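Student: This structure is in C-alpha cells; I'll ask about it shortly.
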Amino acid sequence: MTAVVDLDDKALQEIETIAHAEAMELLRGIHSMQPYPKVDALGIRRHGFGRPIEKRPITEYAASVALSEDVKLTVAALRGRVFELVAVHPEAKSRLKYLYAIADLLGAEKLNDWSALWDCLRRQDWDGAAVELMTAQWDRLFACDALSKRHVMRLVHEVSRPEWMVAP
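This is the structure in C-alpha cells:
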C-alpha cells in the first residue's frame, strides 16, 4: 500500500514549477529553435521550440507574450529616431504609442527608414506625417477588410491630431 502524501497548494505549486522548467529543457533539447514556421516530417507546421501552429490553438497569454516581444523589438528598432524626435519635441511622446503600433503593422525597419515621415515629425507637421502614412499601401500590407482599415486609419488620424487633443 502506498502512503498518500498530503500536499497543500504551495507544495504542489513548487513541484509543478520544477517539473515545468525541467520539461521545457527536455523539449528544447528535442526541438531546435525555429524562428519561422517550418513543416516537419509529419506535415505539421511548427515554430519556436517545436510548437505546432495548426494543431494547437494559441492561448491569449501566449499571444500577449508574443505581441509584447514584437513591440519591444519595434521600440528597439525605432530608438534612434524616437530619441531624435523627443529630444527636439518632448510633446511628441503622446504620439509614440501610435507610431509604435503603426511600425508593428508596417514593419519597424520600413518606418525607421522612412525619411519623409521623420522629416514631417521633426517639423511637427502632424498632418504631413499622416499623409505620408496614408501612402503606405495598407490594403496590400495589412488592412484587407473594412474594420481593419478603420482601425489603421484611426491610428494614422491620432498622429495628426492637434496637440491639445492628443491624450497623454
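Take 4 as the starting number for the sequence shown in the numbering used here and just add one per residue. We put the CB at the ideal spot given by N, CA and C, even for glycine. These numbers were taken from a predicted model, which means no experiment stands behind them.
Whole angstroms is fine: what's the gap from A79's alpha carbon to D11's?
Tutor: Approximately 43 Å, taken between the alpha carbons.
Student: By the DSSP assignment, the beta strand (DSSP E) with G83 in it spans what residues?
Tutor: Premise fails: G83 lies in the alpha helix (DSSP H), R82 to V91, not in any beta strand (DSSP E).
Student: G110 by DSSP, collapsed to three states: which one?
Tutor: If DSSP states are grouped into helix, strand and coil, G110 belongs with coil.
Student: Distance cutoff 8 Å, beta carbons only. Does V159 sit that close to anything in chain D?
Tutor: No chain D is present in this structure, which holds just one protein chain.
Student: If you check the beta carbons only, do L76 and I105 fall under 8 Å apart?
Tutor: Taking 8 Å as the Cβ cut-off, L76 and I105 do not qualify as a contacting pair.
Student: Run through DSSP, which three-state label would G32 get?
Tutor: Helix, per DSSP.
Student: From E25 to L108, what does the alpha carbon distance come to, in whole angstroms?
Tutor: Cα to Cα, E25 sits roughly 36 Å from L108.
Student: If you draw a straight line from the alpha carbon of W129 to that of E112, how long is it in whole angstroms?
Tutor: Straight-line Cα distance between these residues: approximately 21 Å.
Student: For A22 and Y101, what's the separation of their Cα atoms in angstroms?
Tutor: Distance between the alpha carbons of A22 and Y101 is about 41 Å.
Student: Can the beta-carbon of V162 be found closer than 8 Å to that of A133?
Tutor: Yes, Cβ-Cβ distance for V162 and A133 is below 8 Å.
Student: Considering only residues of the segment 31-67, which uninterrupted beta strand (DSSP E) runs meet the minimum length of 3 residues and lie entirely inside it, listed in chain order?
Tutor: Segments of the beta strand (DSSP E) lying fully in the segment 31-67: 37-42 and 48-51.
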